[in-house]
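Positions -22 to -1, 1 to 340 (mature numbering (1 follows the signal peptide of the UniProt record, and there is no 0)) are the ones given, in order, by the sequence shown. Input: a single structure, listed below in structure tokens.
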Amino acid sequence: MYKLLFGLLLYWFFVCSATAVASEESARPGTVTAKIVGGVESGQQDIPWQVYLNLTFPASDGGQSTFVCGGVAVSQDLVLTAAHCLQHGSVTVTADNVRVWGGIVSLFSANSRNAVAVTELVIHPSYNSAQFTNDIALLKLAEPLPEGAIPIRMADRATQDRVDNAFANSWVANGERPPNLLVSGWGSTDPQDSNSGSSTLRYTLLSGVPDRTCDAQWGANMNSGDYPIFLCAGSVAPDLARDSCFGDSGGPLVWQDPQAAGDADFGLRLVGLVSFGNGCAVTVPGVYTEVAEYQSWIDAQAGRTLRSQSTPVFSVNLLDGDIGNAGSGIAVTTPDSGDSGGSIGLWLLAGLLLMALWRCDL
Ligand code: ARG
């Protein structure tokens, strides 16, 4: 999944070729390139609730392996993430092996000095790793997140009911759908390559998929009867590949409440946490943990009512309009073209290697 098996190689790419890649993209504005999947780079103040997590697990060979995940600041000292980020098989990461960064966009600004430590992690007691149900966990931080991090409000059940209605009323099976959700992360930009994580935070706009439609598309009763705990989101058009992907897990899915659009936070509400998909950017929608369902559990863990916090002040509303051609998505690859997708990935890898060699003068 989001293993940093080629950590060294990746570091090499990022440090040595990031500039080269970025300038290449801007030099060809009309070209669509793979992002979060099918997204664009975030600006510094765009998604201040996004948090980056680094988790170190003991490896079977006696060493350690590091994983990355997204997270969401819901108060200055509380972060939500996916339970599956903290637990692999029978091993649960310990709090001292989790590091949290808030208020950053580039991973180059993440270092040991600005990492925030975790004092306690609480995995939802009903988390089921086989079914991926209740895939939610809370991190209690040792100190408040830095100023650049701004917590987001969560949707409550009444709001989520309106979310569900909005999805049901606006869904278009075979055409364009409204971009009513914002998802973000540093995860894979290429569905074929779990090591294609981004060094810059990326986002894309998605469209909410009605629970029943999602259930039918997943088949095998993925969430039959579990409509309150899962939220599904897919691309804004059948022929556009947009999705969250490996490494985005635990990160935020955000909806704008039209009833609160005039507020200082534009009515932006956390509705989901990236949980799972069938690969990335295929016809079945991505599945998210429906945060509203866990409101009382979260408040109980926090020891206070998080909704009574003052309204955050955001400076950017990414849900105001779509992200334009630059991030409109990459063409959906049919299963048949999977192989060529793979070799494109290889070529890309080779290209990046060359670029890294060139930039690093190695
Ligand atoms: N489970 C993945 C992770 O751990 C996230 C998958 C999201 N997939 C999707 N198609 N939306 O990072």
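Ideal Cβ placement from N, Cα and C applies to all residues, glycine included.
Spatially closest choice to residue i from the options, by CA coordinates
i: residue 276; options: 103, 254, 136; result: 103
i: residue 269; options: 207, 183, 38, 16; result: 207
i: residue 97; options: 297, 280, 290; result: 280
i: residue 138; options: 188, 127, 293; result: 188
i: residue 195; options: 210, 204, 55, 185; result: 210
i: residue 185; options: 127, 35, 250, 130; result: 250
i: residue 200; options: 262, 122, 151, 290; result: 262
i: residue 48; options: 282, 58, 291; result: 58
i: residue 19; options: 161, 51, 290; result: 161
i: residue 159; options: 153, 152, 142, 151; result: 142
i: residue 212; options: 238, 256, 264; result: 264
i: residue 45; options: 35, 297, 60; result: 35
i: residue 214; options: 116, 294, 151; result: 151
i: residue 131; options: 113, 267, 50; result: 50
i: residue 297; options: 157, 242, 29; result: 157
Residue i and residue j closer than 8 Å at C-beta
i: residue 63; j: residue 85; result: no
i: residue 163; j: residue 222; result: yes
i: residue 140; j: residue 273; result: no
i: residue 15; j: residue 192; result: no
i: residue 165; j: residue 224; result: yes
i: residue 129; j: residue 52; result: yes
i: residue 56; j: residue 76; result: no
i: residue 60; j: residue 95; result: no
i: residue 101; j: residue 267; result: no
i: residue 220; j: residue 17; result: yes
i: residue 107; j: residue 54; result: no
Heavy atom of the ligand ARG within 7 Å of residue i beta-carbon
i: residue 224; result: yes
i: residue 254; result: yes
i: residue 258; result: yes
i: residue 221; result: yes
i: residue 66; result: no
i: residue 227; result: yes
i: residue 16; result: no
i: residue 102; result: no
i: residue 250; result: no
i: residue 264; result: yes
i: residue 212; result: no
i: residue 165; result: yes
Range of the contiguous alpha helix (DSSP H) that encloses residue i
i: residue 146; result: 135 to 148
i: residue 194; result: 189 to 196
i: residue 278; result: 273 to 280
Where the beta strand (DSSP E) through residue i begins and ends
i: residue 162; result: 159 to 163
i: residue 59; result: 56 to 59
i: residue 246; result: 246 to 254
i: residue 208; result: 208 to 212
i: residue 36; result: 28 to 36
i: residue 263; result: That residue, residue 263, is in no beta strand (DSSP E); it is neither H nor E in DSSP.
i: residue 43; result: 42 to 53
i: residue 77; result: 76 to 80
i: residue 97; result: 94 to 101
i: residue 242; result: Per DSSP, residue 242 belongs to no beta strand (DSSP E) and is neither H nor E.
i: residue 234; result: 230 to 234
i: residue 115; result: 115 to 119
* Asked: Is there contact here, the region 73 to 81 with the region 132 to 150, by at least three beta-carbon pairs under 8 Å?
  -> In short, these stretches do not touch, since the Cβ pair count stays below three.
- Query: Would the region 220 to 238 and the region 280 to 288 be scored as touching if the rule is three or more Cβ pairs under 8 Å?
  - Reply: Touching, no, given that fewer than three Cβ pairs across the two stretches are closer than 8 Å.
**Prompt:** Does the region 162 to 182 touch the region 90 to 98, meaning 3 or more C-beta pairs lie closer than 8 Å?
**Reply:** A contact between stretches requires three or more CB pairs, one per stretch, nearer than 8 Å, and the region 90 to 98 fails this requirement with the region 162 to 182.
**Study point:** Cβ contact check for the region 175 to 183 and the region 290 to 301: 3 or more pairs under 8 Å
**Key:** Yes, since at least three Cβ pairs between the region 175 to 183 and the region 290 to 301 fall closer than 8 Å, the two stretches touch.
- Message: For the pair the region 57 to 74 and the region 240 to 247, tell me if three or more CB-CB distances fall below 8 Å.
- Response: Touching, no, given that fewer than three Cβ pairs across the two stretches are closer than 8 Å.
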